[in-house]
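Data first, discussion second: the structure below is written as structure tokens.
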Amino acid sequence: MTTVENLVSRYREPLETYPLELAADWKKMHPDKKLVGCYPVYTPFELIHAAGMLPVGVIGAGNRLEIAHADSRFQSFICSIVKSTLELGLTDKLKFLDGIVFHSICDPARNLGSVFTRNFPDLMVEYIHFPQNMTSPHTIDYLMAEYKRIGVSYEQLSGNTITEESLRKSIALYNEQRRLVRELYAIRRQTPQNLSTVECYVLTRIGTLLPPEEHIAILEEAIPQLRRRNEKSKDRIRVVLEGSFCEQPPIELLDGLEAAGCYILDDDFLIGWRWFSEDIPTTGEPLRNLANAYLNQSVYSGVKHDTREPKSKHLIDKFRDTGADAVLILAAKFCEPALFDYALYKRALEKEGIPHLSLEFEEKMWIFDKARTEVETFVESMLFD
Amino acid sequence: MAATTVAEKTQYQGQMHLLQKELMGRYFERVTRAAEQGEGKAVYMLISGNPVELIQAFDLIPIYPEIDALQLAVKKSALPFIQKAEELGYSMDNCAYVKADVGMFLGDRKTPFATIPLPSLILCNYVGCNVYLQWFEHLAEYCDGQLYNLDIPFLRDPSGHPSPEDISYVVRQLEEVIEICERLTGKKLDYARLKQIVSRSSETEEMWSRIKGLTKNIPSPFDAYFDSVTMMAPLYCLRGTEEGVRFFETALKEMEEKVRMGAGPLPEERFRFIIEGPPPWPYLRTFRDMFSKWGAVAVASTYSTVGGLWEFGFRHDSNHPLESIADHMLQWNVTNRNFLQRYQQIRRYVEEWHADALVIHSVKSCRLFSAGQGDMREYFTKDLNVPTLLIESDLEDPRYFSEAQLKNRIDAFFESLEHKKMLRAGAEAGGVA
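Chains A and B are the protein sequences, given in the same order.
Under the numbering used here, the residues of the first sequence are numbered 1 to 385, in order.
Under the numbering used here, the residues of the second sequence are numbered 1 to 433, in order.
Listed below in structure tokens is the structure:
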């Protein structure tokens, strides 16, 4: 049996040096398989999988890659992940991919899709426009058509047909993966002393790089061990973290945040890979189920504008449901969606009298003293107030 | 190099500018009456691919927060509002249009040009710009107006066109907007009236398109960036009205007359350039003078196609009003087209409008325009051999306008362009083998 400690130490290192290494290695062992990179935030992975390919999370390059070419294409005021993703491409580190898909999450990510199309003619570059009208009865038809269109593109790339049966199977498989990740998060909510943020992060992140079956096996081994853990709770405040739904903070920063005195009960890291609050139905028309789940079963996010309920209400609900003491906003530098959301969150949190701290990070940062000091000061102000 | 020593301010006024002032003055009076006397209901909308025809058909008042924000910048009164928004939690790195507007909105909404009414409907025509969604989401939280996200699928197919499903999705949503407007006004949509408005739009677009074609002349009769912006406000606020038609008749006549006389906006046209990106509103005049002193005239601009791209042939169609409004929103504006389609739009301008160079004005606020413009420069300089200048400032925030730096870059660029021109002229005249 592999212990959680071994799993985490085995996978943490590659995630920090070259986050795509696991997937690139997997491709070497399976040269006949096709891989499709998925830029954040969410993508319907099931469509790629049902076409016989492996979806892989292309979620930045970490803090060890030097940006030497991409910063002449994207300006200084553009976020890190856009530049690091292009840098990966320009330095041939995405060669193991057969395709890549971008989404309508923000303007820089969208333009990045076009820049990829021009610079990497051998790569299939796709783009999904997710609907932002969540109230019209016609939206579901649009989204199904969009999924059908993207499905045809995947069929052409893979040479396989996506059948209702294969799509249903993929949905069931990803349901299982998401269910286990939800279990992982439930453990952290209830007993954060038994599962650190970094452990939870590593165990979730490898699921963006491995076939779901392999990830499921890993989680099935890890979860019972975590349930048996019985660590003593430390004198820390409990927070929910919000704002890191696209670019990912360095793992060392996550270490630092906890060490500075808080248990992170919930967060929005890698949120696209845990997009649904419940299983997608596997009976009935699978494409409709997939589209309907996006519209009606998905989590809230800075890149989804659902006029039915304010985002700040969701954040406050999450704060209340988890029994947290405070909210920590951790937004990527230059991330317009997260920075705009902060203005709404701040207003709502102040109205409700909920303590909160806002920090900015960059995936490429490697000095964490300032962030750590800010969190420590915040924690002290709460513990000794 | 006598041209570089000219320092005095150049005059750019014409009849068209005066009429614009009068008509926009009247529009802002109507806006103020709505705010102060409750005359009429306001619908907030966004410029990109705006469906103003529908709003006109219900006699609702179109309010564009972008126009309000840029007016604040032009009148040099944006900064206090931007700072107020930043105190409320908006970031230094958020779009300053939004910050100026939010800062103004959360006060008494009085500006140097109008008092802005609260919205009865916040119609977020999400055409390209993702910040639009945030902007109107925020305004909706700050007031009681109803928010509707009119979702326009981005052009993502290699064909460059929307799919039939995209079109029907937009038409269905337009029908929902009509229902909302009917509830708001207590009136049924007068379909014949809508058709008449759409037909006036089409007339306006025909004239606007002809005006834009006139800059193919040498010299160009007007500056397709700095003078086009004068025509853009009537294009968005008054399109579909009789006043709007009258304005464009006047403008077209004036410009055709200039072509006949061989007159341009400057005493001598020495360089023709294409410009990409929104203008620096807080320093528009200063910025213009930096080009004028070189005798450089913009003969086409992408910014003037934000609200609609008509010079390549699209017109609203009164026989299919809703479908043509949808078509306009989906593909006949620069913002909903993908970045590479914009490269091709600029390429057409360079070729068909006979330009010497491309100037990219990269603005921090608007990442829709700016993100990746370094790649655009790469394409034009390396693949097409078009001299390209990339400069940075902002469209709203005066703190990002560095006059000396911009001036140096622009001077160096045109100096080298002049040098190349001289060498070429020398080679042609001297018959160097």
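For glycine and all other residues, C-beta sits at the position ideal for the given N, C-alpha and C.
Only a predicted model underlies this, so the values are computations on that prediction, with no experimental measurement involved.
- No Cβ of chain A is located within less than 8 Å of the beta carbon of C143(B).
- The secondary-structure analysis by DSSP pairs E360(A) across a beta bridge with A331(A).
- Where A42(B) is concerned, the enclosing beta strand (DSSP E) starts and stops at 42 to 44.
- For E268(B) against I218(B), the beta-carbon gap comes to about 12 Å, at or over 8 Å, which does not count as contact.
- In the three-state reduction of the DSSP assignment, R285(B) falls in the helix class, which pools H, G and I.
- Contact of V131(B) with chain A by beta-carbon distance below 8 Å involves D107, E336, F340.
- Residue pairing by DSSP places M124(A) opposite G99(A) in a beta bridge.
- If you ignore the 5 residues before and after N292(A), its C-beta comes within less than 7 Å of the C-beta of I140, all in its own chain and listed in chain order.
- Secondary structure note for R342(B): its alpha helix (DSSP H) is the uninterrupted segment 339 to 352.
- Residues of the stretch 365 to 381 of chain A whose Cβ lies closer than 7 Å to any Cβ of chain B: none.
- For the pair I63(B) and M231(B), the Cα-to-Cα distance works out to about 17 Å.
- In its chain, beyond the 5 residues on either side, S48, F154, T335, N336, L368 have a beta carbon closer than 7 Å to the beta carbon of G128(B).
- In the displayed model, Y263(A) falls within a strand according to three-state DSSP.
- If you draw a straight line from the Cα of K421(B) to the Cα of R272(B), it comes to about 12 Å.
- Excluding residues up to 5 positions away in sequence, P265, V297, A298 lie with their Cβ nearer than 6 Å to the Cβ of D223(B) in the same chain.
- Burial of A145(A) is indicated by the presence of at least 16 other C-beta atoms within 10 angstroms of its C-beta.
- Cα atoms of E213(A) and L173(A): separation of roughly 8 Å, rounded to the nearest angstrom.
- For A296(B), not one C-beta of chain A is nearer than 8 Å to its own C-beta.
- Counted as a single uninterrupted DSSP element, the alpha helix (DSSP H) harbouring S416(B) occupies residues 403 to 430.
- Secondary structure at P219(B): coil, using DSSP grouped into helix, strand and coil.
- Around the beta carbon of Y343(B), a 10 Å sphere encloses 16 or more other beta carbons of the protein chains shown; the residue is thus reported as buried.
- Counting only the Cα atoms, W275(A) lies some 20 Å from E126(A).
- Under the Cβ criterion of 8 Å, H138(B) is counted among the residues facing chain A.
- By the Cβ criterion, the stretch 335 to 344 of chain A is in contact with the stretch 302 to 309 of chain A, since at least three pairs of Cβ atoms, one from each stretch, lie closer than 8 Å.
- Residues of the stretch 80 to 112 of chain A with a Cβ closer than 8 Å to any Cβ of chain B, in chain order: V82, S104, I105, C106, D107, P108, R110, N111, L112.
- Sequence-ordered contacts of the stretch 64 to 86 of chain B with chain A read A85 [C-beta pairs closer than 9 Å].
- P321(B) sits close to V198(B), with the two beta carbons spaced by under 8 Å.
- The residue among F384(A), N175(A), A324(A) with its C-alpha nearest the C-alpha of T283(A) is N175(A).
- Contact note: F113(B) does not reach chain A at a C-beta cutoff of 8 Å; the least C-beta distance is about 26 Å.
- With respect to chain B, the C-beta atom of A332(A) has no partner C-beta closer than 8 Å.
- Taking 8 Å as the CB threshold, F413(B) stays off the interface with chain A.
- Here E309(A) is not near G62(A), since their CB atoms are 8 Å or more apart.
- Nearest in C-alpha terms to L60(B), of all of K21(B), V350(B), L121(B), L23(B), is L121(B).
- Within its own chain, the residues whose Cβ lies closer than 8 Å to the Cβ of K34(A), once the five positions on either side in sequence are excluded, are G52, M53, L54, D98, G99, L157, S158, listed in chain order.
- When the beta-carbon positions are compared, L15(A) and I251(A) come within less than 8 Å of each other.
- Beta-bridge partners of P62(B) (DSSP): V43(B).
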